[in-house]
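**Q**
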Amino acid sequence: MTPDKVEKEHRGIPKAIFLEDVDGYMVSTTPEKNAANVLKEFDEQLQKYKYMELNLLQRKKRLRAQIPDIEKTLEIVQHMLKKEEEFQTHFMLSDQVHALATVPPTDKVFLWLGANVMLEYSIDEAIILLTKNLNTATVNADQLDDDLGYLSNQITTMEVNMARVYNWDFKRRKALAEK
C-alpha cells in the first residue's frame, strides 16, 4: 500500500475532502459540472458513506451479541475444568423447554462453531480457542467503533460540503439575477 493511499483511506473507507475554497473547486471542475451535478455527486458519496455506516452498525450489533455468548461459554468451560466430581445443571432443549442433566467429570467438551458444525475439544484447547475468539471479537468491536467514528466525520464533511456548494450556487444565482 502506497503512503498516498494510506492518507486517503481508513480501513477501506475513502476520505472525504473538505472544500475550503468552493469558488476554486467549482471553477476547476469541467464546464458541464454545474452546482446541481456537483451536489448530485456529493449526495451519491454521502449515500455510500451512510450505507457503509449501516453495514458497520449491523456488524457491531452482531459482535456485541456474540461477546456475552463467548464469555458465558468460556466461564462454563472453566467451571468444568475445576469440577472433579459430577454435578447437575439445567440446559435448554428449546426456547421454553429445559431439562435437568447430570454432568460427569470430563476432559472433553463440544463447541458449536457455527453453520451446524460442532467439534470436540479438550477443555484446555477449548479455553484457548474461546479466549482467542473473545479477544478477537473485542478487538474487532473496538475497531468497528473507531471506523464508525471516522465514518461519522466523513458524513459530516460531505454534508458541510453540500451545504457550502448549495450556498455558493444560491449566491451566484442571486448575483446573476441582480445584474
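This note's numbering numbers the first residue of the sequence shown as 4 and each following residue consecutively.
Ideal Cβ positions, reconstructed from N, Cα and C, are used throughout, including at glycine.
Based on the DSSP output, what are the partners of Lys27 in its beta bridges?
**A** Walking along the sequence shown from the start, residue 27 turns up at place 24. The sequence as given places Gly at residue 27; Lys does not occur at that position. DSSP lists no partner for Gly27.
**Q** For Ser97, which three-state DSSP category applies?
**A** For the purposes of this step, residue 97 is taken as residue 94 along the sequence shown, with counting starting at 1. Of the three classes helix, strand and coil, the one that applies to Ser97 here is coil, per DSSP.
**Q** Whole angstroms are fine: how far does the CA of Lys63 sit from the CA of Leu116?
**A** Numbered from its first residue, the sequence shown carries residue 116 at position 113. Numbered from its first residue, the sequence shown carries residue 63 at position 60. Leu116 and Lys63: Cα-Cα distance of roughly 19 Å.
**Q** What are the residues that DSSP puts in a beta bridge with Phe113?
**A** Position 110 of the sequence shown holds residue 113. According to DSSP, which records beta bridges pairwise, Phe113 is partnered with Glu123.
**Q** Going by C-alpha distance, which of Leu66, Gln91 and Lys43 is nearest Thr139?
**A** Position 136 of the sequence shown, counted from the first residue, corresponds to residue 139. Checking every option, the nearest Cα to that of Thr139 belongs to Leu66.
**Q** For a test of the three-state rule: what should DSSP assign to Pro6, helix, strand or coil?
**A** Taking the first residue of the sequence shown as 1, we reach residue 6 at position 3. Residue placement at Pro6 is poorly supported in this model, since its pLDDT is 33, which falls under 50; the coordinates still yield a value, given next. Note: Pro6 maps to helix in three-state DSSP.
**Q** Is Tyr54 near the ligand MG, going by C-beta to nearest heavy atom under 7 Å?
**A** The ligand MG is not part of this structure, which contains no ligands at all.
**Q** Going by Cα to Cα distance, which pick from Thr141, Glu47, Tyr153 and Met29 is closest to Ile16?
**A** Position 13 of the sequence shown, counted from the first residue, corresponds to residue 16. That would be Tyr153, whose Cα lies nearest to the Cα of Ile16.
**Q** Please name the residue in Arg176, Ala178 and Tyr169 whose C-alpha comes closest to that of Lys41.
**A** Within the sequence shown, residue 41 is the residue found at index 38, counting from 1. The sequence given here places Val at residue 41; Lys does not occur at that position. Taking only the C-alpha atoms, the option nearest Val41 is Tyr169.
**Q** For the 8 Å Cβ check, are there 3 or more pairs between the stretch 76-83 and the stretch 105-116?
**A** yes
**Q** Answer yes if the stretch 50-58 comes into contact with the stretch 124-137, meaning at least three C-beta pairs across the two stretches below 8 Å, and no otherwise.
**A** No, the stretch 124-137 does not touch the stretch 50-58.
**Q** Since I believe Pro108 is in contact with Glu88 (beta carbons under 8 Å), could you give me their beta-carbon distance rounded to a whole number of angstroms?
**A** Along the sequence shown, one-based indexing puts residue 88 at 85. Along the sequence shown, one-based indexing puts residue 108 at 105. Going by Cβ atoms, the distance from Glu88 to Pro108 rounds to 6 Å, so yes, they are a contact pair.
**Q** If you compare alpha carbons, which of Phe45, Leu122 and Ser31 is closest to Thr159?
**A** The residue you call residue 159 lines up with position 156 of the sequence shown. It is Phe45.
**Q** Thinking Glu190 and Leu49 are a contact (beta carbons under 8 Å), I'd like their distance in whole angstroms, please.
**A** Given that the chain is displayed from residue 4 to residue 182, the structure contains no residue 190 and the question cannot be resolved.
**Q** Here's the rule: buried if 16 or more other CB atoms are within 10 angstroms of the residue's CB, otherwise exposed. What is Gln157?
**A** Sequence index remark: in the sequence shown, residue 157 carries index 154 (1-based). Looking at its Cβ environment, which holds 16 or more other Cβ atoms inside 10 Å, Gln157 is buried.
**Q** So, helix, strand or coil for Phe45, using DSSP?
**A** As a position in the sequence shown, residue 45 is number 42, starting the count at 1. In the structure shown, Phe45 sits in a helix (DSSP, three-state: H, G or I).
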